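Visitor: This is the structure I have questions about; it appears just below.
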Amino acid sequence: MGLKRNVGLLDGLRYQGKGPMLTFILHRISGLSMVLFIGLHILASLLMKQAFSSSAGIFMNRIYENWIFQIFIFFCVLFHSINGLRIVILDLWPKLIEYQREAIWLEWCIFLPLFGFATYLLVAGGLGV
Amino acid sequence: MSMRPAPKIGLHFDYVMWLFTRLSALAMYALAIIGVIGALWMGARTSMKLPDLMRWAFMPEATHVSTTNVTNLLAWKTLFWQVMGGLVVILASAHGLHGVLSVLEDYLSGARLRQVLRLLVLVIWLAICAAGIYVIRIF
Chain A
0 MGLKRNVGLL DGLRYQGKGP MLTFILHRIS GLSMVLFIGL HILASLLMKQ AFSSSAGIFM
60 NRIYENWIFQ IFIFFCVLFH SINGLRIVIL DLWPKLIEYQ REAIWLEWCI FLPLFGFATY
120 LLVAGGLGV
Chain B
0 MSMRPAPKIG LHFDYVMWLF TRLSALAMYA LAIIGVIGAL WMGARTSMKL PDLMRWAFMP
60 EATHVSTTNV TNLLAWKTLF WQVMGGLVVI LASAHGLHGV LSVLEDYLSG ARLRQVLRLL
120 VLVIWLAICA AGIYVIRIF
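Dropping the structure here:
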């Protein structure tokens, strides 16, 4: 027994898993993005310290702290945490898996207002309105 | 195509990390809630906006509030908040790097390769922890 799959890229792209598939793929994209960009942010902050005082660190953190990039990072953190909470609850109480689709709807109902309001404030701050 | 061995039942690396991923997520929620309560305690309601509060909840590190209207930055970099930040770095990097490992293992197989990847991820985790804790301690 093993996980043997013969699914090509085109078949993979054609697969329509609807809501659950969307959360799965966004969970992966946001998780990998956070590891990459927050890892780089830690590295850049390390390089900015007095012992190194590197301008490469300042350059990387200037991109990271830009308000446009912050919107992307906010999306990753907020979506990953809210979707992750759904996964944790459904995994630790498997009986609730019956209500997966309702849980996904609830998840978007929590995510969208919170992310929308934070984005509004970031854009307003970034444009100096 | 080499096949991945079927998961065993019982206490082993995959199961322990599966459980760790979920429990560390809950622990990070707890840390974030403590961060929000602490920030509100220290006057975040009037001195910062929602994105700043969310940034602080995600990572309680004093430079994250340096662009807000907070006047006394010293209260935000006490030993308590440094320990909290260190816990976030350790938990989040372990959680995240194990996530990268499990994504990679969905596409790569081969027992030897998996061992090398696990060792590599362990080394990166220790390096990130060291870097993060150093950044928190030295400001």
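Chains as they are written, first to last, in numbering that gives the first Met the number 0: chain A, 0 to 128; chain B, 0 to 138.
Beta carbons are placed, not taken as given, at the ideal position from N, Cα and C, and that holds for glycine.
Note that the structure is a prediction, hence the values are computed from the model and not measured.
I'd like the list of long-range same chain contacts for residue 81/B, defined as Cβ closer than 8 Å, with 5 residues on each side in sequence excluded.
Guide: Closer than 8 Å at the Cβ level, and outside the excluded window around residue 81/B, lie 135 and 136.
Visitor: Confirm, please, whether the CB-CB distance from residue 96/B to residue 34/A is below 8 Å.
Guide: Contact: yes.
Visitor: If you measure between the beta carbons of residue 25/A and residue 78/A, is that distance less than 8 Å?
Guide: In contact: residue 25/A and residue 78/A (Cβ atoms closer than 8 Å).
Visitor: Which term fits residue 94/B, buried or exposed, when burial requires 16 or more other beta carbons within 10 angstroms of its beta carbon?
Guide: Burial call: buried.
Visitor: Ignore the nearest five residues each way along the sequence and tell me which others in residue 46/A's own chain have a CB closer than 7 Å to its CB.
Guide: Excluding residues within five positions, the ones whose Cβ falls inside 7 Å are 53, 55 and 56.
Visitor: For the region 32 to 50 of chain A, which residues have a CB atom closer than 7 Å to at least one CB atom of chain B, in sequence order?
Guide: Correct list: 33, 34, 38, 41, 42, 44, 45 and 48.
Visitor: Would you check if the distance between the CB atom of residue 41/A and the CB atom of residue 131/B is smaller than 8 Å?
Guide: Yes, the pair counts as a contact, with Cβ atoms nearer than the cut-off.
Visitor: In whole angstroms, what separates the C-alpha of residue 65/B from that of residue 87/B?
Guide: Answer to the nearest angstrom: the Cα atoms are 19 Å apart.
Visitor: Residue 120/B to residue 119/A, Cα distance in whole Å?
Guide: Each residue's Cα considered, the two are about 37 Å apart.
Visitor: Kindly list, in the order they appear in chain B, the residues whose Cβ is closer than 8 Å to that of residue 116/A.
Guide: Neighbours of residue 116/A on chain B, chain order: 49.
Visitor: Tell me the rounded alpha-carbon separation between residue 144/B and residue 124/B.
Guide: Here chain B covers residues 0 to 138 and nothing more, so residue 144/B does not appear.
Visitor: Verify the CB distance criterion: does residue 74/A have a CB-CB separation below 8 Å to chain B?
Guide: No, its Cβ sits nowhere closer than 8 Å to a Cβ of chain B.
Visitor: Along chain A, which residues have their Cβ under 9 Å away from the Cβ of residue 53/B?
Guide: Correct list: 73, 76, 77, 113 and 117.
Visitor: Are the C-beta of residue 57/B and some C-beta of chain A separated by less than 8 Å?
Guide: Yes, residue 57/B lies at the interface with chain A (some Cβ there is under 8 Å from its Cβ).
Visitor: Residues of chain B with CB under 8 Å from residue 121/A, in chain order?
Guide: Here the neighbours are 50.
Visitor: Mind listing which residues of the region 24 to 37 of chain B have their C-beta closer than 9 Å to chain A's C-betas, in chain order?
Guide: Within the region 24 to 37 of chain B, the qualifying residues are 24, 25, 27, 28 and 31.
Visitor: In chain A, what lies closer than 8 Å to residue 132/B by C-beta?
Guide: The premise fails here: residue 132/B is roughly 10 Å from chain A at the closest Cβ pair, so nothing lies under 8 Å.
Visitor: Helix, strand or coil for residue 23/A, going by three-state DSSP, please let me know.
Guide: Note: residue 23/A maps to helix in three-state DSSP.
Visitor: How is residue 45/B classed by DSSP in three states: helix, strand or coil?
Guide: Helix at residue 45/B.
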